Amino acid sequence: MGAPPSSSISVSSPGRPTAPACTATAGSTASSSTASARRWRPPCARSSKSPAGRRYRSAPRSRCGSTRSCSLHGSPCGPGRSCPLPERTAIVTGAGTGLGRAIAARLLRDGFRVTLTGPDGVQLTETARLAPDHGELATIVVGDLRQPDVRREVIARATAGPGILFGLVNNAGLSAVEPLLDESVATWRAIFEVNLDAAFFLSQAAIEHMRPHGTGRIVNIGSIYGVVGFNNHGYGARAPMSTPGDRGPVRQSAYDASKGALIQLTRTLATAVGPWGITVNTVSPGHIPWANEAAGTTPVASAASGGAKPAALGQRVDPAILTALAEQVPLRRTGRAAEVAGPVSFLLSEDAAYITGQNIIVDGGATVW
């Protein structure tokens with residue numbers, strides 16, 4: 015699906031006086047027909063300055079401690095000196111729904127310029143609207159990350175504005191739940207191309223831009239099923255354990271294998287780029303019945319999917335299955351997308367500067383049994 019058919023949109027915030035509408039002006043032309051990009055802008059009524067001319071949001075500051083000309087700040091910072099950071103850009107893949115939407119909205123609220131990418135421009139625009147006071151910081155790129163020209167367009171758009179490319183969140187994911195003996199080569203390859211290949215090649219391109227600045231953050235969205243085996247019993251009696259004709263138990267083998275590989279890729283990259291000041295970590299969600307919860311909608315899909323579409327999972331999750339999943343968790347509930355966005359925000363902050371190569375599991379304790 016492509017970008018919204020209209021080249022301009024009008025937005026008004028609930029609870030605020032309606033103001034003359036702004037238009038979303040088109041950005042640079044995409045490099046290929048498989049990708050499109052534009053800048054999303056909020057209503058004109060929202061100004062970044064107070065009546066006195068002061069900016070509401072103060073610039074973030076860093077204590078880098080460099081006694082030489084710092085690659086970030088261009089002058090000696092000195093031990094303990096608080097130095098202004100340049101504007102920071104982060105890329106979030108799969109930002110149109112689920113975990114990606116929650117992560118992107120959180121980073122916009124954190125003050126990042128965020129490049130949102132995914133296959134559906136309408137969904138990406140809805141994501142930008144979730145942070146109305148910071149929506150001017152969002153850039154939208156529509157396309158399929160399996161295509162090299164789309165990946166190039168994402169990097170080009172993220173590095174075209176002011177500041178530096180500081181963060182990359184590899185969240186885009188595909189999943190397919192099929193009888194074990196029916197999983198096809200085409201399904202396997204498609205899942206790996208999105209979940210692993212796109213993550214690696216986007217990371218590779220992002221590192222090229224992070225390295226000269228001596229800093230950067232990469233966060234890969236994994237899954238508990240990249241760490242432990244898929245436990246079909248947790249889905250209760252309603253979950254199919256086998257299929258007619260004895261085609262074997264229903265599994266998500268390609269998805270699980272791709273997430274395990276992604277966790278190992280995190281470790282490999284962390285050791286390679288650490289000397290350049292770049293950190294690489296994984297956040298592995300547990301049972302997160304993702305929904306566009308920030309918009310108040312009902313959960314529609316389940317469980318460590320990293321933002322996979324419910325269509326890819328095959329069905330709307332039965333409430334009884336969600337109850338069965340919650341019983342596997344020491345906290346006795348499934349998680350929320352915002353509870354994954356929080357750790358991602360932390361890993362992109364100055365407080366996480368000494369954390370790299372780690373897999374942070376956000377599962378309510380499901381894997382400690």
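Residue 160 in the working numbering sits at position 146 of the sequence shown, and the numbers go up by one each step. Using N, Cα and C, we set each Cβ at its ideal position, and we do this for glycine too. Note that this is a predicted model, so its numbers are computed, not measured.
Handout entry: Residues of its chain near G356, where Cβ-Cβ distance is below 8 Å and the 5 sequence neighbours each way are ignored
Key = Within the same chain, G356 has close Cβ partners R120.
Handout entry: Distance CB(T107)-CB(T131) smaller than 9 Å
Key = Cβ atoms of T107 and T131: closer than 9 Å.
Exercise for the section: Quickly, what does DSSP pair P299 with across the bridge? List them, please. Expected result: Per DSSP, V376.
Practice task
Using only alpha-carbon positions, find the residue among L216, I154 and I205 that is nearest to G181.
Solution key: Here the closest residue by C-alpha is L216.
Exercise for the section: Give the secondary structure of A104 by DSSP, where H, G and I count as helix, E and B as strand, and everything else as coil. Expected result: In this structure, DSSP gives A104 an extended state, which the three-state scheme calls strand.
Practice task
Taking only the alpha-carbon atoms, compute the straight-line gap between S26 and S189 and give it to the nearest angstrom.
Solution key: At S26 the pLDDT is 31, less than 50, meaning the model places this residue with poor confidence; the figure from the coordinates comes in the next sentence. For S26 and S189, the gap between their C-alpha atoms comes out near 36 Å.
Exercise for the section: Tell me whether S20 sits in a helix, a strand or coil according to DSSP, three-state version. Expected result: Interpretation of S20 is limited by its pLDDT of 33, a score under 50 that renders its predicted location unreliable; no figure is taken from the coordinates.
Exercise for the section: Could you say which of L336, G175 and V358 lies nearest to T348 if we only look at CA atoms? Expected result: When only C-alpha atoms are compared, the closest one is L336.
Exercise for the section: Return the residue from the list G240, L138 and P133 that minimises the CA-CA distance to V376. Expected result: Comparing Cα positions, the closest option is G240.
Handout entry: Three-state secondary structure (DSSP) of P57
Key = With a pLDDT of 43 at P57, under the threshold of 50, the predicted position of this residue should be treated as unreliable, though the coordinate-derived value follows. Judged by DSSP in its simplified three-state form, P57 adopts coil rather than helix or strand.
Problem - I277 and A220 closer than 9 Å at C-beta - result: In this structure, I277 sits away from A220, with a CB-CB distance that is not shorter than 9 Å.
Practice task
Check whether the Cβ atoms of I374 and L361 sit closer than 9 Å, and answer yes or no.
Solution key: Closer than 9 Å, so yes.
Practice task
Could you tell me whether the Cβ atoms of L144 and R171 are closer together than 9 Å?
Solution key: Using a Cβ distance threshold of 9 Å, L144 and R171 do not count as a contacting pair.
Handout entry: Rounded distance between the beta-carbons of V208 and L159, thought under 8 Å
Key = The C-beta separation of L159 from V208 comes to about 6 Å, placing the pair in contact by the 8 Å criterion.
Problem - Residue environment, Q266, which counts as buried when at least 16 other CB atoms sit within 10 Å - result: It counts as buried.
Exercise for the section: Quick one: residues in its chain with C-beta nearer than 6 Å to the C-beta of P344, no 5 flanking neighbours on either side, listed in chain order? Expected result: So the list reads G379, once near-sequence residues are dropped.
Problem - Cβ-Cβ separation, G187 to I232 (assumed contact under 8 Å), whole Å - result: 16 Å between Cβ atoms; not a contact.
Exercise for the section: Give the DSSP-derived three-state secondary structure of T201 in the structure shown. Expected result: Helix.
Problem - Span separating the alpha-carbon of S45 from that of W383 - result: Because the pLDDT at S45 is just 40, under 50, the model does not fix this residue reliably, and the value given afterwards should be weighed accordingly. Approximately 49 Å between the Cα atoms of the pair.
Problem - CA-to-CA distance, E192 to A308, given in whole angstroms - result: A caution first: A308 carries a pLDDT of 39, below 50, which makes its placement in the model unreliable, though a value can still be read off. Across the structure, A308 and E192 are spaced so that their CA atoms are roughly 30 Å apart.
Exercise for the section: Would you mind sorting S359 into buried or exposed? The rule is 16 or more other CB atoms within 10 Å of its CB. Expected result: When all chains shown are included, S359 counts as buried.
Practice task
Give a yes or no on whether the C-beta atoms belonging to D5 and R102 are separated by under 9 Å.
Solution key: There is simply no residue 5 to check, as the chain begins at 15 and stops at 383 in what is shown.
Problem - Nearest candidate by alpha-carbon position, reference A334, set R350, P303, T129 and E353 - result: Cα-wise, what sits closest to A334 is P303.
Handout entry: Residue interval of the alpha helix (DSSP H) (run including T348)
Key = Careful: T348 lies outside any alpha helix (DSSP H) and carries neither H nor E.
Handout entry: Minimum length 4: unbroken alpha helix (DSSP H) runs contained in the segment 159–195
Key = For the segment 159–195, whole alpha helix (DSSP H) runs of length 4 or above, ordered along the chain, are 162–172.
Exercise for the section: Using the Cα positions of A366 and Y269, report the straight-line distance between them to the nearest angstrom. Expected result: Their backbone Cα atoms lie some 28 Å apart in a straight line.
Handout entry: Proximity of P133 and G110 at Cβ, strictly below 9 Å
Key = By the CB criterion at 9 Å, P133 and G110 fall inside the cutoff.
Practice task
Leaving aside the five residues before and after L151 along the sequence, list all residues of the same chain whose C-beta is less than 7 Å from its C-beta, in chain order.
Solution key: These residues qualify, in order along the chain: L122, F126, R127 and V128.
Exercise for the section: Identify whether V155 lies in helix, strand or coil by the three-state DSSP scheme. Expected result: Correct three-state label for V155: strand.
Problem - Opening and closing residue of the alpha helix (DSSP H) in which V136 lies - result: In the DSSP assignment, V136 falls within the alpha helix (DSSP H) that extends over G135 to R143.
Problem - Residue closest to S298, alpha-carbon to alpha-carbon, out of N184, E364 and T201 - result: Comparing Cα-Cα distances from S298 to each of N184, E364 and T201, the minimum goes to N184.
Problem - Contacts around F244, its chain only, beta-carbon distance under 7 Å, and the 5 residues preceding and following it disregarded - result: If we look at F244 and ignore the five residues flanking it on each side, its Cβ neighbours are R265, Q266 and D270.
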